[in-house]
Amino acid sequence: MDLTLLPPEIAEAHQRFACSVAASADLDSLMRLKGEFTGREASHASRMMDVLKTAPKEQKRELGAVINALKNEWEEALKNRQIELEAAKKSAASLATSWDPDLPPPLPVHGAIHPLNRLMDRLVDVFRPLGYHVEEGPETETEANNFDGLNIPEDHPARGSADTFYFSAHAGKLLRTHTSPVQVRVLQRIAPDIEKLGGIRFLAPGRVYRKDEIDPTHSPMFHQVEGMLVGHGIGMHHLKGTLSYAMKALFGPAADVRFRPSYFPFVEPGCEVDVRCPLCGGSGCRVCKGSGWVEILGAGLVHPNVLKFAGIDPTVWSGFAFGMGVERTAMMVSQTPDLRLFFENDQRFLKAMGGLD
Ligand code: PHE
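Spelled out as structure tokens, the structure:
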């Protein structure tokens, strides 16, 4: 339709028309709009008729067709919206008269612990009988706690602003990229008393942040559970025994665990811990990407530099530490293919996860 034949203010009004119809929330405002566009007098339609009357003869046919098409479009849309609004008004009115104060109210939906919190709670329950308590650290951390105290060198790629959220107005402050800075905080706090305490063991669940684009397996915010034990003569056998036990407690007594050598600056030796895929039993499926194993944890023996930084003598004390990815584990256990579902709070998903009644 060639709107250039019309006066510009009418062409402009037409551009706004569909929006204005949709935005009319009640019959009164719709009637005002109807008057403005198709009213008998002083409307866009009546003005178009005046334009047609004074148009040069050779334009009349084409202009007439445009005007007719516009008028039909307006009338049709106004009529449809009127039907919609009348129906809405009617159902609101019948709801008001059909309300029976003697009937019991609809049952409230009971809230529930979020599936991610439930998994973290379960892990805490698994470790509590082993003597672990819960520690917390702030999500806003210092570079010293997030990196330096963990033996992460100045030039480590994770320290770059491409991976880490730094606060531009606060030098040396960042959103923690893992829960490991809680190790630094706790060790520094207990260092003066460690002799008296005989060591320490704790879990630290919490939120962490990394500059990742959101996709089915990445989110700039996710959860980890850190674990640490410091004592005398602690070795890989303690780490393996503890984590094997914990994985069986979490995934069932048949759960199979394997330890693969890996590198983290704050442990030596370091490893990654895989659990035999609880979905396919190890034969290979989509969840374990055909390998039969899923990676659950990073772990290792606490690096002497971490103890030293906190003021603890590494020739006297030793320990192990681990960090578990909560979303990854929850996705695997529940066969959830898209991590975003955990953050959208769609009640149908939470219900399916057994969280709502
Ligand atoms: N902090 C490591 C990570 O975020 C996990 C980890 C924790 C590894 C403790 C070893 C020891 O990937």
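Read in my numbering, the sequence shown has 148 at position 37, and its numbers run on one by one without any break.
All C-beta atoms in this analysis are idealised placements derived from N, C-alpha and C, irrespective of residue type, glycine included.
>> Checking the sheet assignment: what are the DSSP bridge partners for PHE370?
In response: Bridge partners of PHE370: VAL384.
>> Please identify the residue among CYS388, ASN416, GLY409 and ARG300 whose C-alpha is closest to the C-alpha of LEU350.
In response: Distance from the Cα of LEU350 is smallest, within the candidate group CYS388, ASN416, GLY409 and ARG300, for GLY409.
> Within 10 angstroms of its Cβ, does ALA133 collect 16 or more other Cβ (buried), or is it exposed?
Replying inline: When all chains shown are included, ALA133 counts as exposed.
>> Quick check on ALA280: does DSSP put it in helix, strand or coil?
In response: Coil at ALA280, not helix or strand.
>> Which residue marks the beginning of the alpha helix (DSSP H) containing TRP185, and which one marks its end?
In response: 168-209 is the extent of the alpha helix (DSSP H) around TRP185.
> Is VAL297 near ligand 1, judged by its Cβ being under 7 Å from some heavy atom?
Replying inline: For VAL297, the shortest separation between its Cβ and any heavy atom of ligand 1 does not lie below 7 Å.
> Under three-state DSSP, which class holds PHE377?
Replying inline: Coil, per DSSP.
>> Please classify PRO372 as buried or exposed, where buried requires at least 16 other C-beta atoms within 10 Å of its C-beta.
In response: Counting Cβ neighbours within 10 Å, PRO372 comes out exposed, since fewer than 16 surround it.
>> According to DSSP, is HIS221 part of a helix, a strand, or is it coil?
In response: Coil.
>> Give me the residue from ALA421, LEU361 and THR447 with the minimum Cα distance to ARG397.
In response: The candidate whose alpha carbon is nearest that of ARG397 is THR447.
>> Among PRO226, GLN193, MET358 and ALA273, whose alpha-carbon lies nearest the alpha-carbon of VAL386?
In response: The candidate whose alpha carbon is nearest that of VAL386 is MET358.
> In whole angstroms, what is the alpha-carbon distance linking CYS70 and TYR356?
Replying inline: Examination of residue 70 is not possible in this model, given that the chain is present from 112 through 468 alone.
>> Let me check you understand the geometry: is the CB of ALA136 closer than 7 Å to at least one non-hydrogen atom of ligand 1?
In response: Answer for ALA136: no, Cβ out of range of ligand 1.
>> Measuring only the C-alpha atoms, how far is LYS171 from ASP113?
In response: LYS171 and ASP113 have their C-alpha atoms some 13 Å from each other.
> Roughly how many angstroms lie between the CA atoms of ALA198 and MET142, to the nearest whole one?
Replying inline: Using only the alpha carbons, I get a separation of about 16 Å.
> With 16 as the cutoff for other CB atoms within 10 Å, does ARG270 come out buried or exposed?
Replying inline: Sixteen is the threshold: when 16 or more other Cβ atoms of the shown chains lie within 10 Å of the Cβ of ARG270, as they do, the residue is buried.
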